[in-house]
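Protein chains: 2
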Amino acid sequence: MKDALAHAELIAVLTAVTNDAPRVMTVSKGEALPSGPFELEHRSLQAGLREWVNEQTGHPLGYLEQLYTFADRDRSPQDRARRTISISYLGLVREQAAPGAGAPGWHGWYEYFPWEDHREGRPDALAPIAEALNAWAATEPSRRDHRQKRIDLSLGLNGAGWNEELALQRYELMYEAGLVTEAGAQGVPGTGRPMFADHRRMLATAITRLRAKIKYRPVVFELMPESFTLSHLQRTVEALAGLALHKPNFRRLIDQQELIEETGEMSSETGGRPAKLYRYRRAILEEHALSSARLPLSRN
Amino acid sequence: MKDALAHAELIAVLTAVTNDAPRVMTVSKGEALPSGPFELEHRSLQAGLREWVNEQTGHPLGYLEQLYTFADRDRSPQDRARRTISISYLGLVREQAAPGAGAPGWHGWYEYFPWEDHREGRPDALAPIAEALNAWAATEPSRRDHRQKRIDLSLGLNGAGWNEELALQRYELMYEAGLVTEAGAQGVPGTGRPMFADHRRMLATAITRLRAKIKYRPVVFELMPESFTLSHLQRTVEALAGLALHKPNFRRLIDQQELIEETGEMSSETGGRPAKLYRYRRAILEEHALSSARLPLSRN
DNA sequence: TCCCTTTTACTCAGGTTGAGTATATGTGGG
DNA sequence: CCCACATATACTCAACCTGAGTAAAAGGGA
Numbered sequence: 083m084k085d086a087l088a089h090a091e092l093i094a095v096l097t098a099v100t101n102d103a104p105r106v107m108t109v110s111k112g113e114a115l116p117s118g119p120f121e122l123e124h125r126s127l128q129a130g131l132r133e134w135v136n137e138q139t140g141h142p143l144g145y146l147e148q149l150y151t152f153a154d155r156d157r158s159p160q161d162r163a164r165r166t167i168s169i170s171y172l173g174l175v176r177e178q179a180a181p182g183a184g185a186p187g188w189h190g191w192y193e194y195f196p197w198e199d200h201r202e203g204r205p206d207a208l209a210p211i212a213e214a215l216n217a218w219a220a221t222e223p224s225r226r227d228h229r230q231k232r233i234d235l236s237l238g239l240n241g242a243g244w245n246e247e248l249a250l251q252r253y254e255l256m257y258e259a260g261l262v263t264e265a266g267a268q269g270v271p272g273t274g275r276p277m278f279a280d281h282r283r284m285l286a287t288a289i290t291r292l293r294a295k296i297k298y299r300p301v302v303f304e305l306m307p308e309s310f311t312l313s314h315l316q317r318t319v320e321a322l323a324g325l326a327l328h329k330p331n332f333r334r335l336i337d338q339q340e341l342i343e344e345t346g347e348m349s350s351e352t353g354g355r356p357a358k359l360y361r362y363r364r365a366i367l368e369e370h371a372l373s374s375a376r377l378p379l380s381r382n
Numbered sequence: 083m084k085d086a087l088a089h090a091e092l093i094a095v096l097t098a099v100t101n102d103a104p105r106v107m108t109v110s111k112g113e114a115l116p117s118g119p120f121e122l123e124h125r126s127l128q129a130g131l132r133e134w135v136n137e138q139t140g141h142p143l144g145y146l147e148q149l150y151t152f153a154d155r156d157r158s159p160q161d162r163a164r165r166t167i168s169i170s171y172l173g174l175v176r177e178q179a180a181p182g183a184g185a186p187g188w189h190g191w192y193e194y195f196p197w198e199d200h201r202e203g204r205p206d207a208l209a210p211i212a213e214a215l216n217a218w219a220a221t222e223p224s225r226r227d228h229r230q231k232r233i234d235l236s237l238g239l240n241g242a243g244w245n246e247e248l249a250l251q252r253y254e255l256m257y258e259a260g261l262v263t264e265a266g267a268q269g270v271p272g273t274g275r276p277m278f279a280d281h282r283r284m285l286a287t288a289i290t291r292l293r294a295k296i297k298y299r300p301v302v303f304e305l306m307p308e309s310f311t312l313s314h315l316q317r318t319v320e321a322l323a324g325l326a327l328h329k330p331n332f333r334r335l336i337d338q339q340e341l342i343e344e345t346g347e348m349s350s351e352t353g354g355r356p357a358k359l360y361r362y363r364r365a366i367l368e369e370h371a372l373s374s375a376r377l378p379l380s381r382n
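Chains as they are written, first to last, in our numbering: chain A, 83 to 382; chain B, 83 to 382.
Structural data, given as structure tokens:
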């Protein structure tokens, strides 16, 4: 086995939901994800990441999951003499105490992916993107049909429905078509805010992973405060999925699974009938870490 | 960012199914997974792995998916001055032309995990394992309940059903309890054949990932020959899942999804009514790479 | 007091899933 | 030559799940 030394870097996609907006922790004014080197004294990759996130941000880090390991030569502006291996992690952080418009470092997912938020119907950003992609498909007649099918399925065109889990595929498609700034493009309108190197790709990976995961594992609760109302829980899920959910079905599913219990308290925040407060049944944690925790889909 | 150089190594879990037995490609007489260094000239991690698998084994490699990146200090016998980062991949290989009992290098999954094969009911290997785990749970009274719940859920004890997707969790549990040889134990009977370093953990990761994936993405076809019967397809899925499936329901689900089409040929291999031969509808590939491809569960 | 808003509760049709049973069509032995 | 045998294929049925809609309850404010 030949010697093959590489620079190892840990990248964190830390996510929280505040005021029904999913946010990601950033550095450099929102242009990059926080990262740090993997060092010799770290016990494991995960432990290494935990350490310096704790050190640098002080945020208690609940859930942590490995996302992906990248080392593509052509996607980051590194020197060619030495390779960098980037190991990315998805971390979930509890909502901070309502930091107004936005605490320094936290930015909304949908600044970077305006086309991913379908809570109020199809966003306007999708039209110019679809148009640009279609034009790209037409440039190469031999692959045209194949490309067109990918576009239609990814964006939910021509009879295909919108699938919120395809966030990464959509970004990769736009990258391939040269629509995003990271791919060297001019920046087609509506293609969102760019990030350093392939950090936006990692965020897209995180979004896709999380949107898939909330459907079968109770990870949402890592983002919720101690006690919450059912509507609050639903709005948090909707924020992550970028979809509006059917209220009665959401509630039915939640209490079928017996994941939460009433605290006895009530909340009377927004005008209307006061809502019961609930808490996550921590005692049941590992049990549900194994079994499922599905969520209702669609509506809109 | 401090300099943090590490040795980067690519590890492949190559899987094929031959004669209804899922196999993994190994080196060192079945004691290790094939691996190679990640080199400067590789375009990406995936490209690097493809290259040397092709070079060393000559096996055409269809599906390839990143599994996990490890760098645990306490789980591999490395020198402490320099770290090794192991990036593992799951690769699916088409069944080789019936290599009798076993071509050199290929070993059955269930040599390493005898307790994972439930096609003919609960394997005998589970009883001593459950016993040893229960004893381990009892050693620490404070964590006893917690541990017992984990054991029951993982092994399908005390009312919980067997969940084939928990292969990794079961192995990790046994590792934690010190039952497997890799954890420095004597080797409790029925705990399967050990492997070098944490290679068996990677195989367990691959099994878990693949067992989950076949339920919602048509990856099985990467393991099938050009044409096959429905029974053959079912037996392949059963081999991977380690479960017996309900035949009528399996067939119903398969043709509901229109993943395959008749070739027009028939097969009359085993005594009985000849079966129609089918082929996977490649044309539809990307379409189904996106949508779902569920499989029926249970039956025993 | 009445209207508005939000929570909570109930209903219903269609589809999916698990499970069982029956019929077709070959092979090979007597 | 025909009859068991083995497997493939087809059909049925009840329980459950899911999407979708409607109605009643409970506060706040004009």
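From the three backbone atoms N, C-alpha and C, an ideal C-beta is built for every residue, glycine too.
For clarity, every value in this text was computed on a predicted model and none was experimentally measured.
By the Cβ rule, the stretch 294 to 313 of chain B counts as touching the stretch 338 to 349 of chain B, because three or more pairs are nearer than 8 Å. At a cut-off of 7 Å, the C-beta of Ile289 of chain B has no neighbouring C-beta in chain A.
The beta carbons of Phe120 of chain B and Ala94 of chain B sit no closer together than 7 Å. Chain-ordered, the chain B residues with CB closer than 7 Å to the CB of Gln148 of chain A read Tyr150, Thr151. By the beta-carbon neighbour count (other beta carbons within 10 angstroms, threshold 16), Met348 of chain A is exposed. Any Cβ of chain B closer than 7 Å to the Cβ of Ile93 of chain A would place that residue at the interface, and such an atom is absent. Annotation: Phe195 of chain A is outside any alpha helix (DSSP H) and is labelled neither H nor E by DSSP. In this structure, the alpha-carbon of Arg226 of chain B lies about 15 Å from that of Ser236 of chain B. In the DSSP assignment, His281 of chain B falls within the unbroken alpha helix (DSSP H) covering 281 to 295. Between Leu174 of chain B and the set B:Ala249, B:Asp234, B:Ala288, the nearest pair of CA atoms involves B:Ala288. DSSP places Glu123 of chain A in the coil class of the three-state scheme, outside both helix and strand. With respect to chain A, the C-beta atom of Ile169 of chain B has a partner C-beta closer than 7 Å. According to the DSSP secondary-structure assignment, Phe310 of chain B is paired through a beta bridge with B:Tyr360. The beta-carbon separation of Trp218 of chain B and Pro205 of chain B, rounded to 20 Å, does not stay under the 8 Å limit for a contact. Ser170 of chain A and Arg283 of chain A have their C-alpha atoms spaced approximately 11 Å apart. Each residue's CA atom was taken as its position, placing Glu320 of chain A and Leu96 of chain A some 18 Å apart.
Each residue's CA atom was taken as its position, placing Ala98 of chain A and Tyr150 of chain A some 20 Å apart. Comparing C-alpha distances from Asp102 of chain A to each of A:Arg363, A:Arg361, A:His314, A:Arg132 shows the shortest one belongs to A:His314.
Secondary structure at Phe303 of chain B: helix, using DSSP grouped into helix, strand and coil. Across the structure, Thr108 of chain B and Met277 of chain B are spaced so that their CA atoms are roughly 10 Å apart. Here Phe332 of chain B carries a helix assignment [DSSP, helix/strand/coil].
The beta carbon of His124 of chain B sits closer than 8 Å to those of Gly130, Glu133, all from its chain and outside the five residues before and after it, given in chain order. Non-local beta-carbon contacts of Arg317 of chain B in its own chain, meaning distances under 8 Å to residues more than five positions away in sequence, involve Asp102 in chain order.
Put simply, of B:Leu312, B:Asn331, B:Thr139 the residue whose alpha carbon is nearest the alpha carbon of Leu115 of chain B is B:Thr139. Nearest neighbour of Gly241 of chain B by Cα position, chosen from B:Arg201, B:Leu305, B:Gln230, B:Gly354, turns out to be B:Gln230.
Residue pairing by DSSP places Met107 of chain A opposite A:Trp188 in a beta bridge. The residue from A:Pro271, A:Ile296, A:Ile211 with its alpha-carbon nearest to that of Glu254 of chain A is A:Ile211.
Within 8 Å of the CB of Phe120 of chain B, the CB atoms of chain A belong to Ala86, Ala88, Ala153, Arg165, Ile167, in sequence order along the chain.
The beta carbons of Ala265 of chain B and Ala214 of chain B sit about 12 Å from each other, so the pair does not count as a contact at 8 Å. In the DSSP assignment, Ser236 of chain A falls within the unbroken alpha helix (DSSP H) covering 226 to 237. As a beta-bridge residue in DSSP terms, Ser168 of chain B pairs with B:Glu91, B:Phe152.
Counting only residues of its own chain and dropping the five nearest sequence neighbours on each side, Glu113 of chain A has a CB closer than 7 Å to the CB of Met277, Phe278.
The continuous beta strand (DSSP E) containing Met348 of chain B extends over residues 342 to 349.
In the three-state DSSP reduction, Leu327 of chain B falls in the coil class, being neither helix nor strand.
For a cut-off of 8 Å, the C-beta gap from Glu304 of chain A to Tyr194 of chain A is around 22 Å, too long to register as a contact.
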